[in-house]
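*Asks:*
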Amino acid sequence: MPFKTIRPALLAAAVLAATTLNAHAESLASSASSAGSASSASVSHSIEGSSDSSSRAADRVAGDYRVVDVAQAPGRPGELRLTLQRLDDAGAELRLYVPAGALAQPLATGERIRARERGYGYEFRRGDAPEPFFLALHDAPQRELAPRAVTL
């Protein structure tokens, strides 16, 4: 008799655990999706070198830059186009496309931006700020971060 009463209790506990885990996973995926969309995008979507630069800026992203222009990105609603000029090569410009929400405070012309290469892509910081404001992820890691439905 005790075996028959334990089974329904175990089944009820398993259903409750699965429901709780599924709800938590959906919440986590939603949080990751909203955080990721505000502060990161793929390198191929975010970075382009100017056609008139003295070197291929997109091939050499890491370095220090000066903000030349901040504008609404043409044909990309909700995104800003940052035109950055390399400090060590005046002819090299980089265009960085970021979600408008990635900047807590507006960037000013002349402000310094630091781009650092990381294993996942590039991080962009204002001057010597402790935290990056934007991550440009190589395409493979970006695909790994894409939200997916979790089913149990």
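All letters in the sequence shown, in the order written, are residues -25 to -1, 1 to 127 by mature numbering (1 follows the signal peptide of the UniProt record, and there is no 0). Even for Gly, the Cβ is constructed at its ideal location relative to N, Cα and C.
#1: What residues match up with L55 in a beta bridge as DSSP calls it?
#2: Leaving aside the five residues before and after E86 along the sequence, list all residues of the same chain whose C-beta is less than 8 angstroms from its C-beta, in chain order.
#3: Determine the closest residue to F99 out of R93, L110 and Q60, with distance taken between C-alpha atoms.
#4: Within the same chain, show all residues whose beta-carbon is closer than 7 angstroms to that of R56, passing over the 5 residues directly before and after it, in chain order.
#5: Spell out the partners DSSP gives V125 in its beta bridges.
#6: The beta strand (DSSP E) with G24 in it runs from where to where?
#7: Please identify the residue among D63, A90 and E54 whose C-alpha is closest to the C-alpha of P81.
#8: Answer yes or no: do residue 156 and G38 have a C-beta to C-beta separation smaller than 8 angstroms?
#9: Put V42 into one of helix, strand or coil per three-state DSSP.
#10: On the criterion of 16 or more Cβ atoms from any shown chain inside 10 Å, does R51 qualify as buried, or is it exposed?
#11: Using alpha carbons as the reference points, say which of P107, Q60, T84 and L78 lies closest to E92.
#12: Using a Cβ-Cβ cutoff of less than 6 angstroms, which residues in the same chain neighbour H113 once the five nearest sequence positions on both sides are dropped?
#13: Taking its Cβ as the centre, do 16 or more other Cβ atoms sit within 10 Å of V125, making it buried, or is it exposed?
#14: Thinking T58 and E68 are a contact (beta carbons under 8 angstroms), I'd like their distance in whole angstroms, please.
#15: Measure the C-alpha to C-alpha separation of L127 and A16 and round it to an integer number of angstroms.
*Replies:* Quick look at the numbers:
#1: Q47 and V73
#2: R41, V42, R101 and G102
#3: L110
#4: A46, A48, R70 and Y72
#5: Paired residue(s): none; V125 is not in a bridge.
#6: I22 to G24
#7: E54
#8: With the chain covering only -25 through 127, there is no way to say anything about residue 156.
#9: strand
#10: exposed
#11: P107
#12: V18 and G96
#13: exposed
#14: 6 angstroms
#15: 29 angstroms
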